[in-house]
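Novice: With our numbering applied, the sequence shown corresponds to residues 970 to 1668, in that order. Below is a structure I'd like to ask you about.
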Amino acid sequence: MPLLLPPGQDRRPSELTYTDGYNSIVSRVRRKRGTGSGGVVIIAGIDMDGLLASRILTSLFKQDNVPFQLVPVGGYTDLELKAREALKSEDLHTLILLSLGSILPLASFFELPRGVHLHVMDARRPWNLSNLFGISLDVDDDGEEAGEGKIWTWGDGDEVKLDNVKKSWETLEYEPESDSDSDSDEEDDEDAAADEDEERTENGSDDEDGEDGEATGDNDGSGTRPRKRSRESSTKPNKRRRDDVKPRKMPRAVREAHIERVSRYYEAGTSYGMSVAQTIYLLATELERADNDLLWLAILAVTHQYVSAQIDRKRYDMFHVALSDEVVRLNPPVTSREPDADNRRITKSDELRFVLFRHWNLYDAMLHSSYVAGRMGIWRERGQKKIRGLLAKMGYSMQQCVQAYAHMDLKLKKELPEKLDAIAPEYGLVELEYPSFVRAFGFEVATMSAADAVEGLTALLEAATGLRIEVEVEGGRGGGEWFGSMRTWSIGGDYSVIERDNAPTEEADIEIDKEDRSKQSLSANFWITYDACGDIALLKKSLPLAKALHCAIIRQGSAILDKGTIRPLHKFRFTAVKEGPDLRIFSKPAALARLALWLMDATRDKWTDRDTRNGYTVTSLPFVIAVLNEEKRTYLVAGVTGAPEFGDVRKNKFGLAFQKAAQESQVACSELFDTSVIEIADVDLQGFMEVLAMRSVTI
């Protein structure tokens, strides 16, 4: 299976890059007859990365006159259905998976007809190793119609750190058959020792730190690239075999060592690599098609990864540097300071960790920040007094802080970063800024920061339709939480028909209708958000919805902390939400994950201090939250693995833990692309949690 790597000057001639994969798609379109859109089918996961990546990829396809069909899917059941429909078409020759599929055994999951190629792009890790190192059975391009489908895996470059994992996987996958088991234990031990010596020589060390690093994707000891393995060499006997004619069975100790290494790779937990949107943007730069619109989408993807704790600060800074170079390249300095209706420039800017503060008021923006919540305990009146005390010490009156930020005194806004740097550390707020970007949109919006755009798009993707939410009437509030008018959220405009078809109802619908309505709402939200990526008016309209969702997070999170319902179990902390006005909001996976992250940020310092006082070495803070879906009588369960330090990220081991707990407790569950979120029947929750707490893999 071809592994495609990011373009770079250090690539060897034998290594394939993104350009090779894209050129293969375009050339196949050119060779096929007909102009229908059924030849290229893009199946995109309904998440921010899948959405933004599909915008960039479809833009490239349009420039090359490549007809395509874009199909959003929300889970594995939907994926199977849509893939089956696509594979039935005789016109299909290329199937592309965006933001899904990395963990699937693609060769067996998809029954690809002859001549059909599959491209998979997914930021989720770990990879299913067969997708990286398996051997494609398709012949070369000149005779591809005679072979089976070829699978192309788009990596991010970190795959080159898996040399030892690759060796173990290939050894196990292509282990030769043997009709003799007469090898003695002494011979096994001798061969195992020899194998270990050989591996130490390759790794340049006498311990297993290199192995463990590779298993977690953080290996610093071995930067060598995985060796290319041809179809012919994959069946050749190992060079250490004494009998090249009749290969003997692999020594037991060696085989167990290989199994352990591969297992460690999978059991290290889920994480995220480079976003799919950034992957396709790199392709656009190689094709010399990059522009500000595509760059902005890549920036939004990286920003979303950071603010949703998918990547840590170190990795974000690395991506930020690369994107900053692109910003400088595509946005040369201008001398004129005159307002320009066509101004779409992107500039670098430091971003405050206050939610939507440019479009809200300073007090509410601080109140709804998860970072501020954790440092000040804003769910208590004492914490809210701390915020007011900080503002007073800075010389900011509450009258200024509760009015719209746009109407604040210009001098106060200009001095805000400097005042915060001087005084906020006294309140434990030492990381209030991070490097980011802002973009101009002519006269329509003064500027839109990447973080604000991500908030708006995320809100549309979660709740554009299908939920009844009260939002603030623009201009109807004097500010703060004390007064103002509200209205029911409505996207309106050209989307009124879609919104009406997906509106929540109070009637006792048939269960299948509820399921269908939920899927239709997911798809509708995807397309609305897809349009908002290129429509600043629609994006601006989403900001009240984003603020309403943050208010819901504060309400629900504060209620959980006030009631003290978070319980310490054997391996993690757990809480279940069974009532409240916002249950429907948190029956959505993305919204529930955001609530879990808010709770993690709000309690990080308290939990870390408590565990340290009890004599524990705190390396992670695993937390599980379950929210009842009253209509379906199910619980949506999400697991997050927080880090003791803000800005750090730990691999999430709940995906495998959930899977094992469901198997051991014999619980039926609905699996999503995010393996750390599952849905189970309400009657099964207790048994599932008991197994998860006591008998699942170590979290």
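Here a beta-carbon is modelled for each residue, glycine too, at the ideal position from N, C-alpha and C. Computed from a predicted structure; not experimentally measured.
1) Any idea what DSSP makes of residue 1012, helix, strand or coil?
2) Buried or exposed for residue 1498, please, with buried defined as at least 16 other CB atoms from any protein chain shown within 10 angstroms of its CB.
3) In whole angstroms, give me the CA-to-CA distance for residue 1438 and residue 1506.
4) Specify, as a first and last residue, the run of the alpha helix (DSSP H) that residue 1028 falls within.
5) Grab the span of the alpha helix (DSSP H) containing residue 1361 for me, first residue to last.
6) Please give me, in chain order, every unbroken run of the beta strand (DSSP E) with length at least 3 that falls completely inside the region 1497 to 1548.
7) Applying the 10 Å Cβ sphere with the 16-neighbour rule, what's the burial state of residue 1509?
8) Can you tell me whether residue 1671 is buried or exposed, with buried defined as 16 or more other CB within 10 angstroms of its CB?
9) Report back the beta-carbon spacing between residue 1646 and residue 1562 to the nearest angstrom; my notes put them in contact at under 8 Å.
10) For residue 1087 versus residue 1067, is the C-beta spacing smaller than 9 Å?
11) Residue 1513 and residue 1441: beta carbons closer than 9 Å?
12) Does residue 1591 pass the burial test, meaning 16 or more other C-beta atoms within 10 Å, or should it be called exposed?
13) Just to confirm, is the Cβ distance from residue 1403 to residue 1285 under 9 Å?
14) Please say whether residue 1040 and residue 1010 have beta carbons closer to each other than 9 Å?
15) Three or more C-beta pairs under 8 Å: does that hold for the region 1521 to 1534 against the region 1607 to 1618?
16) Would you mind stating whether residue 1516 and residue 1324 have Cβ atoms separated by less than 9 Å?
17) My assumption, with CB atoms under 8 Å, is that residue 1589 sits in contact with residue 1610. Please give the rounded CB distance.
18) Could you tell me whether the region 1091 to 1107 touches the region 1124 to 1134, using the rule of 3 or more Cβ pairs below 8 Å?
19) Have a look at residue 1352 and residue 1518 and give me their C-alpha separation to the nearest angstrom.
20) In angstroms, rounded to a whole number, what distance separates the CA positions of residue 990 and residue 1313?
21) What are the boundary residues of the beta strand (DSSP E) that includes residue 1038?
22) I'd like the ranges of any beta strand (DSSP E) spanning at least 3 consecutive residues and lying wholly in the region 1607 to 1655.
23) Distance, Cα to Cα, residue 1342 vs residue 1522?
24) Would you decide whether residue 1017 is buried or exposed? Buried here means 16 or more other CB atoms lie within 10 Å of its CB.
25) What residues match up with residue 1088 in a beta bridge as DSSP calls it?
26) Which one of 975, 1407, 1248, 993 has the shortest CA to CA distance from residue 986?
27) Rounded to the nearest angstrom, what separates residue 1013 and residue 1372 at their Cα positions?
28) Given this structure, state the Cα-to-Cα distance separating residue 1379 from residue 1369, to the nearest angstrom.
29) Beta-carbon separation of residue 1098 and residue 1129 under 9 Å?
30) Of the residues 1656, 1347, 1491, 1406, which one's Cα is nearest the Cα of residue 1294?
31) Would you call the CB atoms of residue 1328 and residue 1275 closer than 9 Å?
32) Could you compute how far the alpha carbon of residue 1162 sits from the alpha carbon of residue 1229?
33) Which residues does DSSP list as the beta-bridge partners of residue 1078?
34) Taking residue 1537 as the reference, give the member of 1266, 1265, 1662 with the closest Cα.
35) What distance in whole Å lies between the Cβ atoms of residue 1511 and residue 1425, which are believed to be in contact at a cut-off of 8 Å?
36) Beta-carbon within less than 8 Å of residue 1636's beta-carbon, same chain only, minus the 5 sequence neighbours each way: which residues are those?
Specialist: Checking against the coordinates, here is how it stands:
1) strand
2) buried
3) Roughly 20 Å separates the two Cα atoms.
4) 1017 to 1032
5) Counting along the chain, the unbroken alpha helix (DSSP H) around residue 1361 starts and ends at 1350 to 1362.
6) 1542 to 1546
7) buried
8) Since the first and last residues shown for the chain are 970 and 1668, residue 1671 lies out of range.
9) 7 Å
10) no
11) yes
12) buried
13) Result yes, Cβ atoms of residue 1403 and residue 1285 sit closer than 9 Å.
14) yes
15) Taking a contact to require three or more Cβ pairs closer than 8 Å, the region 1521 to 1534 and the region 1607 to 1618 do not qualify as touching.
16) yes
17) Right, the Cβ-Cβ distance comes to about 5 Å (below 8 Å), so this counts as a contact.
18) Counting Cβ pairs under 8 Å, three or more are found: they touch.
19) Straight-line spacing of the CA atoms in residue 1352 and residue 1518 works out to 21 Å.
20) 31 Å
21) 1038 to 1042
22) 1638 to 1640, 1646 to 1650
23) Rounded to the nearest angstrom, the two C-alpha atoms are 12 Å apart.
24) buried
25) Partner(s): 1065, 1121.
26) 975
27) Distance between the alpha carbons of residue 1013 and residue 1372: 41 Å.
28) 11 Å
29) With respect to the 9 Å criterion, residue 1098 and residue 1129 are not classified as neighbours on the basis of their beta carbons.
30) Comparing Cα-Cα distances from residue 1294 to each of 1656, 1347, 1491, 1406, the minimum goes to 1406.
31) no
32) With a pLDDT of 48 at residue 1162, under the threshold of 50, the modelled position of this residue cannot be trusted; read the value that follows with caution. Whole-angstrom Cα-Cα distance: 16 Å.
33) According to DSSP, residue 1078 bridges with nothing at all.
34) Nearest of 1266, 1265, 1662 to residue 1537, Cα basis: 1662.
35) That pair is a contact at about 4 Å.
36) 1630, 1649, 1650, 1653, 1656, 1657
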